Amino acid sequence: MTKKGTLLTVFTIFGAFLIFNYEKSPQSSSSFQPANNSQRPHLSHSHSEHKDQEISQRNNLEINIANKETLRIKMEEFFNSFPNKEDLNDPHHFPSEWEEQSKLIGDVKQGIIDGPLTEREGLEFYLNCSYEDSLPLSFRALCLKNAYFYSLKLDNEIPQALLSLPTQITELALKL
Amino acid sequence: MKFVLPLILLMLSTSTWSEIKFSKKVPRKQRKLLEQDLERLEGFRMLPNLSQEAQELFNMSSFDTKSFYNWLDQRVSYVLGEEEELEDLLFLENNFQTYPNPDLFPTIPDGGKTPSGTVKTVMSNLGMAVYFAGKKSQQLLGFKFKKGILKKEKVVVRSPRVGLIKVGEGLFFKPLSEDKDSYANTVSRLGTFYHEARHSDGNGTHLGFTHDICPKDHDFEGYFACDFNLNGPYTVGANAVKIMLERCASCSHAEKERLNLLVADSFSRVVKEKVAEPSQVTGDFNLSTLQLLLETKKMLLGFEDDPLKKEELEKEIADLERQIQSAGNPSSTDPTVIKAQKWDAAPESI
């Protein structure tokens, strides 16, 4: 075979390969669908979109459930997570040992407003936090402020136990 | 030429913070963040719902943004880096110096706890400490300040208002928000600035608005981490953060909540009343008894030759003066309870 002939053969094979793949490509994107129904590609596309949405929703839901679960665990751990007073490194400013607890306080608020927490779940946390006398005063006062807000919003009344908390907590909550 | 005028105008417009100088030892990243914080402070817009307490503290009315940042500007002038040792920067300007209120010093209670472990510097007011040391030794002290290789300044400390502040890694290492440029972090850092700035104020026994030991059952029991006054650093810091967070449009709910926690933490350190220690209560705790006691002790001081006994008497006199000031408060009805008051913030000055 001459050099020209060889080149022609190579181009022919390459051309045939391109044409074959060009015809095949639309099917390949929905390879699990039968090719004999002209409507199928459209339907299959729609079905695929729907399925994608379902997957996306399911994923979001799973993420939310996972987030909620993580948050719930952290909310439970919160009450026993504070170091002893004696172990605080530099109490002149907000102790760095309380950073994680502070972050959780922020996450709970954000979680109530944007999900995954319900207001009722938030209220329950704030009530427990307000009552827990082993917690620092600043945390309790902030929880109390929120507890008042969500109690009135959801139940239109303040629980009796909340009303009888020491004045120093109420006074501090009032300043916020 | 057409670029020169705008450049001059720009220089003039940004000169507001030129009064706050950063030492060359302040790490570049920290300096940039702090400069950004101060620029943002200029941009804060006041709203009408400013509390009475905030208006009094910062000498401002509603919508008055300028007074808010001027307040800080007047009390902070030099910023040192964490690695700089004050001892290396000090110099003696004058071997003998008379000071106002020469016999009056803050009463620092005995027995405060010291933090455990290594302390990361957040921020501290060294200007007040230099003034205090000068007054105590009756010398005039100063410090050398290096802004750059050829930019050195010698600053004589004639008032706690000299505004020498040291910043440390603690101010930056655990930011409130993961986005280091966020406004929430700015508000948090500026709150600390306002707190420290208050230490540049005060005179006599209230010089520098020094902290008190937190009382029994307090979260910081035993540490020098409380104020026994109603207008000290913790009140100032809390109010400053509150003002800024209420106006922070870009702060998330989580960030605002955490800033609110800082406000709560600062306010929780303001001790409004304390039970007088047994040594402070003498018979019927009333004003005339205390005054009589004070006059007698002052008289005794004149006759005393023993320096140790003299020093002890001076301490007792200072304590009594403090008690008399508290007892003079008409709301103080319980004889064993001393109420916190607002301190005179006017700074001492030579």
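Respectively, the protein sequence lines represent chains A and B.
Start counting the first sequence at 4; every next residue gets the next number (the working numbering).
Start counting the second sequence at 8; every next residue gets the next number (the working numbering).
Note that CB positions come from ideal geometry on N, CA and C, so glycine has one too.
Note that the structure is predicted; figures quoted are calculated from it, not measured.
Nearest-angstrom Cα separation, counted from residue j out to residue i
i: A:Ser49; j: A:Leu107; result: Residue confidence is low: A:Ser49 scores 49 on pLDDT, short of 50, so the model does not pin down where it sits. Its coordinate-derived value is still stated next. Whole-angstrom Cα-Cα distance: 42 angstroms.
i: B:Glu321; j: B:Lys304; result: 9 angstroms
i: B:Asp313; j: B:Leu111; result: 20 angstroms
i: A:Asp182; j: A:Glu103; result: With chain A represented from 4 up to 179, any question about residue 182 of chain A goes unanswered, as that position is not in the structure.
i: B:Ser74; j: B:Ser58; result: 15 angstroms
i: A:Ile76; j: A:Glu124; result: 13 angstroms
i: B:Ile324; j: B:Thr114; result: 11 angstroms
i: A:Ser141; j: B:Asp272; result: 5 angstroms
i: B:Gln81; j: B:Glu319; result: 37 angstroms
i: B:Val137; j: B:Gln104; result: 14 angstroms
i: A:Phe81; j: A:Asn70; result: 16 angstroms
i: B:Val248; j: A:Leu175; result: 15 angstroms
i: B:Val344; j: B:Cys221; result: 16 angstroms
i: A:Gln42; j: B:Arg254; result: Low confidence applies here, because A:Gln42 scores a pLDDT of 36, under 50, leaving its location unreliable; read the following figure in that light. Taking the straight line joining both Cα atoms gives about 57 angstroms.
i: B:Pro55; j: B:Glu63; result: 15 angstroms
i: A:Glu135; j: A:Pro169; result: 12 angstroms
i: B:Ala261; j: B:Glu89; result: 30 angstroms
i: B:Lys349; j: B:Thr217; result: 13 angstroms
i: B:Glu311; j: B:Glu302; result: 15 angstroms
i: B:Ala61; j: B:Pro109; result: 32 angstroms
i: B:Gly215; j: B:Glu355; result: 9 angstroms
i: A:Thr1; j: B:Pro107; result: The displayed coordinates of chain A run from 4 to 179. Any statement about residue 1 of chain A would go beyond what the structure contains.
i: B:Leu79; j: A:Phe152; result: 34 angstroms
i: A:Glu79; j: A:Pro86; result: 16 angstroms
i: B:Leu297; j: B:Asp234; result: 24 angstroms
i: A:His96; j: A:Gln113; result: 25 angstroms
i: A:Ala164; j: B:Leu315; result: 55 angstroms
i: B:Leu307; j: B:Lys317; result: 9 angstroms
Beta-carbon spacing of residue i, residue j below 8 angstroms
i: B:Glu203; j: B:Ser131; result: yes
i: B:Asn236; j: B:Ala347; result: yes
i: B:Ser68; j: B:Glu26; result: no
i: B:Arg329; j: B:Thr212; result: yes
i: B:Met251; j: B:Leu197; result: yes
i: A:Ala150; j: A:Leu179; result: no
i: B:Phe150; j: B:Leu96; result: yes
i: B:Val86; j: B:Val33; result: yes
i: B:Gly244; j: B:Gly119; result: no
i: A:Ile115; j: A:Leu147; result: no
i: B:Asn101; j: B:Leu45; result: no
i: B:Leu3; j: B:Ala191; result: Since the displayed chain B opens at 8 and closes at 357, residue 3 of chain B lies outside it and no answer follows.
i: B:Ser4; j: B:Glu92; result: Outside the shown range of chain B (8 to 357) lies residue 4 of chain B, about which nothing can therefore be said.
i: A:Leu138; j: A:Cys132; result: yes
i: B:Pro240; j: A:Asn92; result: no
i: B:Phe98; j: B:Thr72; result: no
i: A:Pro162; j: A:Leu120; result: no
Under 9 angstroms from the C-beta of residue i: neighbouring residues of chain A
i: B:Ser275; result: Pro139, Leu140, Ser141, Ala144, Gln171, Leu175
i: B:Pro122; result: Leu91, Asn92, Asp93, Pro94, His95
Per-residue contacts from residue i into chain A (C-beta, under 8 angstroms)
i: B:Val129; result: Asp93, His95, His96
i: B:Lys181; result: Ser99, Glu102
i: B:Thr199; result: His96
i: B:Lys126; result: It should be pointed out that residue 126 of chain B corresponds to Val in this sequence rather than to Lys. Residues of chain A passing the Cβ test: Asn92, Asp93.
i: B:Glu100; result: Under the 8 angstroms cutoff, chain A gives no residues; its nearest Cβ is about 30 angstroms from B:Glu100.
i: B:Glu176; result: Near B:Glu176 there are no residues of chain A at all, since even the closest Cβ is about 11 angstroms away, more than 8 angstroms.
Under 7 angstroms by beta carbon: chain A residues contacting residue i
i: B:Asn238; result: None at all; the shortest Cβ gap to chain A is about 14 angstroms.
i: B:Asp272; result: Phe97, Ser141
i: B:Leu269; result: Phe97
i: B:Tyr230; result: Pro94
i: B:Asp226; result: Lys88, Pro139, Leu140
i: B:Glu318; result: Under the 7 angstroms cutoff, chain A gives no residues; its nearest Cβ is about 29 angstroms from B:Glu318.
Where residue i meets chain B, residues with beta-carbon distance less than 8 angstroms
i: A:Asp110; result: Ala261
i: A:Ser167; result: Near A:Ser167 there are no residues of chain B at all, since even the closest Cβ is about 19 angstroms away, more than 8 angstroms.
i: A:Ile116; result: His260
Residues sharing a beta bridge with residue i, DSSP
i: B:Leu171; result: B:Tyr85
i: A:Ile68; result: Looking at the DSSP assignment, A:Ile68 forms no beta bridge with any residue, so it has no partner.
i: B:Asn101; result: B:Leu147
i: B:Ile345; result: B:Lys281
i: B:Lys28; result: B:Tyr85
i: B:Asp219; result: B:Cys233
i: B:Ser131; result: B:Lys173
i: B:Val162; result: B:Phe150
i: B:Lys120; result: B:Tyr230
Cross-chain neighbours of residue i in chain B, by beta carbon under 7 angstroms
i: A:Leu179; result: Asn267, Val270, Ala271
i: A:Ser105; result: Arg265, Leu268
i: A:Gln163; result: By Cβ distance, chain B contributes nothing, its closest Cβ being about 24 angstroms from A:Gln163, past 7 angstroms.
> Is it a yes or a no for the stretch 203–223 of chain B touching the stretch 163–179 of chain B, going by three-plus beta-carbon pairs under 8 angstroms?
Replying inline: yes
> So does the stretch 274–281 of chain B actually touch the stretch 217–231 of chain B, counting three or more Cβ pairs closer than 8 angstroms?
Replying inline: yes
>> So, does the stretch 156–163 of chain B touch the stretch 39–55 of chain B, judging by three or more C-beta pairs under 8 angstroms?
In response: no
>> Quick check: the stretch 95–102 of chain A against the stretch 177–194 of chain B, are at least 3 beta-carbon pairs closer than 8 angstroms?
In response: yes
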